[in-house]
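**Student:** Here the protein sequences come in this chain order: Y and E. For the record, in the first sequence the residue sitting at position 12 is 11 according to numbering that gives the first Met the number 0, with numbers rising by one throughout. For the record, in the second sequence the residue sitting at position 357 is 356 according to numbering that gives the first Met the number 0, with numbers rising by one throughout. Built from N, CA and C at the ideal position, the CB exists for glycine as well. Treat the numbers as computed from the prediction; the structure is a model and nothing was measured. Submitted below is the structure of interest, expressed as structure tokens.
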Amino acid sequence: MPEAEPGNGTPAPDRVIEVRTAPATLSTASPMPRRPMPEDFAISLRALRAPDQRINRPGGERRQPMRGYEDTFTDIVDFILRVTHRIWEEKAVGYLYEHYAHNARVLHDAGSTYGREAVIEATTAFLAAFPDMRLYADDIVWCGDEDVGFWTSHRLTLVGHNTGWSVWGPPTGRRINLMVIADCHSRENRIDDEFVSHNVSSLVRQLGHDVHATARRTAAELPAPFAEGPAGDVERFIGQGSPERLDPDEPGIEAFVRRTLHELWNWRLFDRVQERYAPAFRFHGPTDRELFGRADFTAHVLAVLTMFPDAAHRVDDLYWMGNERDGYTVAVRWSLTGTHRGPGPYGPPTGRRVHQWGLTHLAIRDGVIAEEWTVSNEFAVLQQLHRPLEVTA
Amino acid sequence: MEMPQDFAISIAAKPGTDLLLAPDQGERRQPMPGFEDTYVDIVDYIVRITHRIWEEKDVGYIYDTYRHNCRVTDDSGLQYGRDKIVADTVHTINAFPDVRLYADEVVWATDGDGGFETSHRTVIVGHNTGYSRWGAPTGRKVVAWAIANCSARENEIHEEWVLYNTSSILAQLGFDLRALARETGNALDGDPLGDERFGEAERLLGQGKPVRLPPHDGAFDPEDFVRRTWHDTWNWRNLSTIDRAYAPAIRWLGPTNRTLQGRGDLKSFVLSMLAAFPDLALSVDDVYWMGNEADGHLVATRWSAIGTHRGNGVYGPPTGRRVRIWGISQQLIRDGRIVQEWTLFNEFAVLQQLLRDA
């Protein structure tokens, strides 16, 4: 910018030129890093015969380029599988020093933590509460390569007994069975960015606590924010407009999923469920929701949008593996922002703005969504509804 | 300034503290006349002097790495000279003996003649187990992210702009920020001239319009992009600029633990500031960046704003007082859109100025 005067952001006012070059638009597409998606399931959990054998007899030939990863890992699925096993089940928590960057960011149900030490503290605390915890891998969706790093979306079932103290109180002795999804970005043997939902609302429920009462109690202990949170427009369209129209003919599985989620959640075109979901659609949702069939799922979407009439849905990350013949598994990270203005399972409307986010796996076969697994920060949403109001000056 | 065209010399290229803090870093990787031989590049210099001064507690190493008359502008104002830096560092390490400063990224540029600009984004973690100027130990844990912009030459920093996110730290120590700002603001020296309301905030010429930036054609220019985005948003008050310049899934971290989700929230934040300071005028004071089209750009911007407190907002009822806000932002730009932003400004000093009684 040669016109700028030194030390001042504004150039001399001798030229009058129109600033606005294009009308404002609300594109729903966020720029994503360039990254290749696997077009088959050659490297996947389903291709592994008996994953437990991998855990017992590690090693073998490397099956994809992975510069910087330990030689013992044959591929990225093996990396995720065995790192999880070693840290959680063998309890080699200190192995995190090898596999997390010192400044790793982790977004979890209750907020975000910074750095490797925080991961180590949280892992130790979780193991103390559930010493016999098992982490069964159900699926690992991945993409990327050794240059840009690997994105992995790891869906697991956690099974264990609460025989130690936790933030939820003294040991309850209860058995828990918890669906969890963890999205990680790793490069050269180290995870540097993670999004994980531990399905805390399910956990609290399975420990025998009342989810609503626990959310209310713990929210009251949260510090009031210095500045009252967002009051802005929920970003679904501009002013009196209508939601963005996505090209109905754009080919590819990514466009299919983006179009489906956008039309269902932002356009409120609930007929899309009939069109894009299988008749025997199964939905495994947060807080142990188990829905069967399209009608139940439609009712679920309607219930959410009734509680949050201005809700806007956003795809924050999306990657996939597969092809037409074998089907696809798609990992989606999403957020749903809205204002609590309608009745529903969250109680009478509070007028609070909430930010819900979650991680989803979709299994797509023959052009329709056959099964969905979704976890979200639902417990934090309940806390947001009940948290104390800001004390103003 | 010459901007690095890739991330070859960056924290991202050296994952892990094993590598970052290792004493033997190998061959020198860029010309750095006058710097100690142990430092192989400017990022290495910043990361390891920070580690040595703060974590190894070699506070005296400041004598080797700061110029005698170094100016440091921090959250509370201008601090002059190396000895003041030594004293302030001792104070803070005494208050937080287990303090850690995790390096997140260093944006840098060089004048090609031995001078470097560095913008160091760091996360400060520690427990308040010692006395500080805020009182007795609270025992509380603090996690605050901060940005320090330094100008260095021949192994010495001669100018530093640093925001420790003081308001966030004080909130985490359990203080009522507004009460503390009023109390400590009252203890500050008054303005030597008695009245700060001297000039006009410089945004318009009389009845005119804000300056229009000339159109930019051709290849994407990160400096032009960020200057235009700041100017059109804050000085023109054209908030649709945010829709064009930011990605929908923007991750925006701000001072005092603000976390904004999406462009609507960001617009609300800008509106809240403009409502509290209706004559607010912002100027971009310094911009440098690293990166390229394919890998994205990481831009460090230092900016300042002047405004008069004439509207309601989080700073309370209008006081009519003039404040100077200054800040540092880092923005990660991919495909022409900001996908992540870290912004800090001297918020606690602003609170002190607005809430003190006199």
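So which residues of chain Y does R257 of chain E contact, with C-beta pairs closer than 9 Å?
**Tutor:** By Cβ distance, chain Y contributes P224, F225, A226 and G228.
**Student:** State the Cα-Cα distance for the pair L259 of chain E and E220 of chain Y, rounded to the nearest angstrom.
**Tutor:** Roughly 22 Å separates the two Cα atoms.
**Student:** Going by the CB atoms, is the gap between Y99 of chain Y and R115 of chain Y shorter than 8 Å?
**Tutor:** A contact, by the Cβ cut-off of 8 Å.
**Student:** Using a Cβ-Cβ cut-off of less than 7 Å, give me the residues of the stretch 263–277 of chain E that come near chain Y, in sequence order.
**Tutor:** So the close ones are G263, D264, K266 and S267.
**Student:** For a cutoff of 8 Å on Cβ pairs, would you count G341 of chain Y as touching chain E?
**Tutor:** Output row for G341 of chain Y: interface = no.
**Student:** Where does the unbroken beta strand (DSSP E) through L157 of chain Y begin, and where does it stop?
**Tutor:** Residues G148 to H160.
**Student:** At least one CB of chain E closer than 8 Å to the CB of E377 of chain Y: is that the case?
**Tutor:** No, its Cβ sits nowhere closer than 8 Å to a Cβ of chain E.
**Student:** Just confirm the distance between the C-beta atoms of G143 of chain Y and R258 of chain Y, as a whole number of angstroms; I'd bet it's less than 8 Å.
**Tutor:** That belief does not hold up - the Cβ atoms of G143 of chain Y and R258 of chain Y are roughly 24 Å apart, past 8 Å.
**Student:** Would you grab the beta carbon distance between W150 of chain Y and H184 of chain Y for me? Rounded to a whole angstrom, and I think it's under 8 Å.
**Tutor:** Yes, W150 of chain Y and H184 of chain Y are in contact; Cβ-Cβ is about 5 Å, under 8 Å.
**Student:** Assign N322 of chain Y to buried or exposed, taking buried as 16 or more other Cβ atoms, counted over all protein chains shown, within 10 Å of its Cβ.
**Tutor:** Under this definition N322 of chain Y is an exposed residue.
**Student:** What do you get for W160 of chain E, buried or exposed, if any count of 16 or more other CB atoms within 10 angstroms of its CB means buried?
**Tutor:** The residue is buried, with at least 16 neighbouring Cβ atoms inside 10 Å.
**Student:** On the DSSP letters alone, give me the boundaries of the beta strand (DSSP E) that R364 of chain Y sits inside.
**Tutor:** R352 to R364 is the extent of the beta strand (DSSP E) around R364 of chain Y.
**Student:** According to DSSP, simplified to helix, strand and coil, what is K208 of chain E?
**Tutor:** Correct three-state label for K208 of chain E: coil.
**Student:** Could you tell me the boundaries of the beta strand (DSSP E) in which T300 of chain E lies?
**Tutor:** Segment G295 to T307, the beta strand (DSSP E) holding T300 of chain E.
**Student:** Would you please state the rounded distance, in angstroms, between the beta carbons of V122 of chain E and D103 of chain E? I believe it to be under 8 Å.
**Tutor:** 6 Å between Cβ atoms; contact.
**Student:** For the stretch 274–294 of chain Y against the stretch 367–385 of chain Y, do three or more pairs of beta-carbon atoms, one drawn from each stretch, fall closer than 8 Å, so that the two count as touching?
**Tutor:** The stretch 274–294 of chain Y vs the stretch 367–385 of chain Y: in contact.
**Student:** Does the contact criterion of 3 or more C-beta pairs under 8 Å hold for the stretch 115–132 of chain Y versus the stretch 293–302 of chain Y?
**Tutor:** With the cut-off at 8 Å, the stretch 115–132 of chain Y and the stretch 293–302 of chain Y do not touch.
**Student:** Could you tell me the distance, in whole angstroms, from the CA atom of H261 of chain Y to the CA atom of R313 of chain Y?
**Tutor:** So the two alpha carbons sit approximately 8 Å from each other.
**Student:** So, helix, strand or coil for E243 of chain Y, using DSSP?
**Tutor:** Residue state, collapsed to three classes: coil.
**Student:** Which value, in whole angstroms, describes the spacing of the CA atoms of S111 of chain Y and Q206 of chain E?
**Tutor:** Approximately 47 Å between the Cα atoms of the pair.
**Student:** Where does the unbroken alpha helix (DSSP H) through I241 of chain E begin, and where does it stop?
**Tutor:** Residues S239 to A244.
**Student:** Here's the rule I'm using: 16 or more other beta-carbon atoms within 10 Å means buried, otherwise exposed. How should H67 of chain E be labelled?
**Tutor:** Exposed.
**Student:** By the three-class DSSP mapping on this structure, what secondary structure does F236 of chain Y have?
**Tutor:** In this structure, F236 of chain Y counts as coil in the three-state DSSP scheme.
**Student:** So D103 of chain E contacts chain Y; which residues on that side make the cut at Cβ distance below 8 Å?
**Tutor:** Per Cβ cutoff of 8 Å: N102.
**Student:** Let me know the secondary structure DSSP gives W53 of chain E once reduced to three states.
**Tutor:** Correct three-state label for W53 of chain E: helix.
**Student:** Relative to the alpha-carbon of D192 of chain Y, which residue among Y:P170, Y:W167, Y:R173 and Y:Y113 has its alpha-carbon at the smallest distance?
**Tutor:** Checking every option, the nearest Cα to that of D192 of chain Y belongs to Y:Y113.
**Student:** With DSSP as the reference, label G80 of chain E as helix, strand or coil.
**Tutor:** Residue state, collapsed to three classes: coil.
**Student:** Decide if P12 of chain Y is buried, meaning its Cβ has at least 16 other Cβ atoms within 10 Å, or exposed.
**Tutor:** With a pLDDT of only 45 at P12 of chain Y, under 50, the local geometry of the prediction cannot be trusted, and the value read off the model is given with reservation. Exposed.
**Student:** Helix, strand or coil for Q273 of chain Y? Go by DSSP, reduced to three states.
**Tutor:** Note: Q273 of chain Y maps to helix in three-state DSSP.
**Student:** Could you tell me whether the Cβ of G337 of chain Y comes closer than 8 Å to any Cβ of chain E?
**Tutor:** So no, G337 of chain Y is outside the interface.
**Student:** Going straight from the alpha carbon of R211 of chain E to that of W235 of chain E, what length do you get?
**Tutor:** Roughly 9 Å separates the two Cα atoms.
**Student:** For the beta strand (DSSP E) containing K266 of chain E, name the first residue and the last one.
**Tutor:** Here K266 of chain E belongs to no beta strand (DSSP E); instead the alpha helix (DSSP H) covers G261 to A275.
**Student:** Locate the beta strand (DSSP E) running through Q24 of chain E, then write down its first and last residues.
**Tutor:** It is not in any beta strand (DSSP E) - Q24 of chain E carries neither H nor E in the DSSP assignment.
**Student:** Determine, for R66 of chain E, whether the minimum Cβ-Cβ distance to residues of chain Y falls below 8 Å.
**Tutor:** Chain Y contact via Cβ: absent.
**Student:** With respect to the beta strand (DSSP E) encompassing D284 of chain E, which residues constitute its N-terminal and C-terminal limits?
**Tutor:** Run containing D284 of chain E: A280 to N291, per the beta strand (DSSP E) assignment.
**Student:** For my contact list, L169 of chain E and L176 of chain E are in at a C-beta cut-off of 8 Å; report their separation, rounded to the angstrom.
**Tutor:** Their Cβ separation, rounded to whole angstroms, is 6 Å, which keeps L169 of chain E and L176 of chain E in contact under 8 Å.
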